[in-house]
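Trainee: Below is the structure I would like to discuss, written out as structure tokens.
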Amino acid sequence: MKKLLLVEDDLTLSKMLSTWLSKQDYDVATASSVRQARKSLDDVQPDVVLSDLRLPDADGTELLDWMRQNGLTCPLIIMTGYADIDSAVTAMKMGAKDYIAKPLQPDILLRKIEEAIENSRPATTPAPAKRSTAPKQEYLEGKSEPARQLYNYVALVAPTPMSVLIHGDSGTGKEYVAHRIHELSKRSDGPFVALDCGAIPRDLAASEFFGHVKGSFTGAYSDKTGAFVEANGGTLFLDEIGNLSYDVQVQLLRALQERRIRPLGSDKEIEVDIRLVSATNENLQQAVQDGRFREDLYHRVNEFSLHIPTLAERQEDIPLFAEFFLDQANRELGRDIVGFAPDVIRAFCDYAWPGNLRQMRNVVKRAALLSNGQFIMPRDIGEELRTPAPLPQPARPLLHEFKSAPLFDEEEEKRRIAQTLLQTRGNKSRAAKLLGIDRKTLYNKLKLYGMGQYAENSTDEQ
């Protein structure tokens, strides 16, 4: 069993992480300060150290410096908040193996830990072939019409070599859709590598994508395998691709066109064969017009596009996801909650879920922890869900503004109409007001787009 030293002064987070890592077959020792960590390093002799950047008695960089001075070569991964990303970059230049931003994403954390251990092995001991860098994910696809249509498209495009661009709000499950495309593709036996473009500092992007060789820059104390090589023969998933800086976009485009990469500091090119799946929560077409995203790269990554509906757009699936996340919470927390009180399900269906599936998972997990009975009751889910906030009034008319835009998209307008009617529980008068149009125009649009089910089920109450 691989040994891991976790250095974290937040005792709640430390307990949760150590419990989760133990379930991933790691022998976890914990420390809450640099002083304790030094003692534990002698006693435990871990395969990898996972340390917070900010600790009570010193920074994680001081622990790193102490390890180097004492000849300890086990890799260290820094955990940090987004506000301290620059400090994390400094730590990597000092010799930290990697960093991960909080809030932690379990799949990415596990991948970074495994990569750090594998890359620290002596050259005479070949590491086993890495076939997948992300564990198979549990997920519920849902039974609503928007979900059915989405996964029909997934099944259609997955067996092809086409690059796929996934559009969706934060928390809608873009990475799962990407993973599902990989599972249904002809590359399913190959690796699936996910990279969060929004968390990559500009000066480390080339190393993350293409890797580097030992000594190529200050702090490069060992070779690093880049994402392109990791994903060779499989699928590379670039989340929030719109966050890449313009110069990094140029490097990415060249790698995709030539199917060759060169690690930093190396004089040899490596041929790579990857299938690219990207995701974004912004309008990349608008970013192209604004000069923030290269048009040639946009067309390279967008051979086929998928739109993931929000949770508010798939109300039929809300009770299904609630039960699904409760099953997960029971396993993770060691609870045995049977289900939800009817008032809770009604509250879930009435709520707008701005954070989508990620928010629901967190709400259900917290409620499972707080519940003292067999069922989750209204008191367990928080005031925000028990008393939904009134619908916000838009600062500008939504459909008028959108209709006049140069990139007017009928599908996007249909989506906005459907989402607004769901928010108003079918009240067309309120929906029209929110959309910035009169009620007659809304009726005409429902007829034009063949959205008769909304006209039949909605109301005209003022």
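Numbering of the sequence shown is given in numbering that gives the first Met the number 0, commencing with residue 0 and proceeding in unit increments. Note that CB positions come from ideal geometry on N, CA and C, so glycine has one too.
Between which residues of its own chain and Ala-346 is the CB-CB distance below 7 angstroms, once the five residues before and five after are set aside?
Mentor: Hits under 7 angstroms: Pro-377, Ile-380, Leu-384 and Arg-385.
Trainee: Taking the straight line between their C-alpha atoms, what separation do you get for Asp-289 and Gln-68?
Mentor: Rounded to whole angstroms, Asp-289 to Gln-68 spans 49 angstroms at the Cα level.
Trainee: What are the residues that DSSP puts in a beta bridge with Thr-542?
Mentor: The question about residue 542 has no answer, for the chain in this structure spans 0 to 461.
Trainee: Are the CB atoms of Ser-206 and Lys-213 within a distance shorter than 8 angstroms?
Mentor: The answer is no: Cβ separation not under 8 angstroms.
Trainee: Can you give me the C-alpha to C-alpha distance between Met-78 and His-181, rounded to a whole angstrom?
Mentor: Whole-angstrom Cα-Cα distance: 29 angstroms.
Trainee: Does the contact criterion of 3 or more C-beta pairs under 8 angstroms hold for the region 93–110 versus the region 193–211?
Mentor: Cβ pair count under 8 angstroms is three or more, so yes.
Trainee: Are the region 258–269 and the region 240–249 in contact at 8 angstroms, needing three or more beta carbon pairs?
Mentor: No, because fewer than three Cβ pairs between the region 258–269 and the region 240–249 fall closer than 8 angstroms, the two stretches do not touch.
Trainee: Since Leu-149 and Leu-319 are thought to touch, with beta carbons under 8 angstroms apart, how far apart are those beta carbons, to the nearest angstrom?
Mentor: So it is not a contact: roughly 15 angstroms between Cβ atoms.
Trainee: Please report the distance separating the alpha-carbon of Asn-151 from that of Ala-430.
Mentor: Spanning the two alpha carbons is a distance of roughly 30 angstroms.
Trainee: Between Thr-18 and Gln-284, what straight-line distance do the alpha-carbon atoms span, to the nearest angstrom?
Mentor: Cα-Cα distance, rounded: 44 angstroms.
Trainee: Using C-beta distances below 6 angstroms, list every residue in its chain close to Ile-165, excluding the 5 sequence neighbours before and after it, in chain order.
Mentor: Cβ within range, chain order: Lys-173, Val-176, Ala-278 and Leu-305.
Trainee: Hey, would you say Ile-112 sits closer than 8 angstroms to Ala-95, going by beta carbons?
Mentor: Cβ atoms of Ile-112 and Ala-95: not closer than 8 angstroms.
Trainee: Could you tell me if Phe-374 is buried or exposed, where buried requires 16 or more neighbouring beta carbons within 10 angstroms of its beta carbon?
Mentor: Exposed, since its Cβ has fewer than 16 Cβ neighbours within 10 Å.
Trainee: My output table needs one value for Lys-427: the three-state DSSP class, helix, strand or coil.
Mentor: In this structure, Lys-427 counts as helix in the three-state DSSP scheme.
Trainee: Specify the secondary structure class of Tyr-138 as computed by DSSP and reduced to three states.
Mentor: Tyr-138: coil per DSSP, three-state reduction.
Trainee: In whole angstroms, give me the CA-to-CA distance for Arg-253 and Val-287.
Mentor: Roughly 18 angstroms between the two C-alpha positions.
Trainee: Using 8 angstroms as the threshold, is the C-beta distance between Gln-44 and Lys-2 below it?
Mentor: Contact flag set, yes.
Trainee: Threshold first: 4 residues or longer. Then list the alpha helix (DSSP H) segments lying entirely within the region 96–125, N to C.
Mentor: Within the region 96–125, the complete alpha helix (DSSP H) runs of at least 4 residues are 105–118.
Trainee: Go ahead and pull the three-state DSSP assignment for Met-376.
Mentor: The answer is coil: DSSP assigns Met-376 none of H, G, I, E or B.
Trainee: Are Val-163 and Leu-183 closer than 8 angstroms when you measure CB to CB?
Mentor: In this structure, Leu-183 does not lie closer than 8 angstroms to Val-163 by Cβ.
Trainee: Along the chain, where does the beta strand (DSSP E) containing Lys-2 start, and where does it finish?
Mentor: 1–6 is the span of the beta strand (DSSP E), which, as asked, contains Lys-2.
Trainee: Quick test of the definition: if touching needs 3 or more C-beta pairs under 8 angstroms, does the region 292–302 touch the region 323–337?
Mentor: At 8 angstroms Cβ cutoff, the stretches do not touch.
Trainee: Between which residues of its own chain and Phe-323 is the CB-CB distance below 7 angstroms, once the five residues before and five after are set aside?
Mentor: The answer, listed in chain order, is Leu-139.
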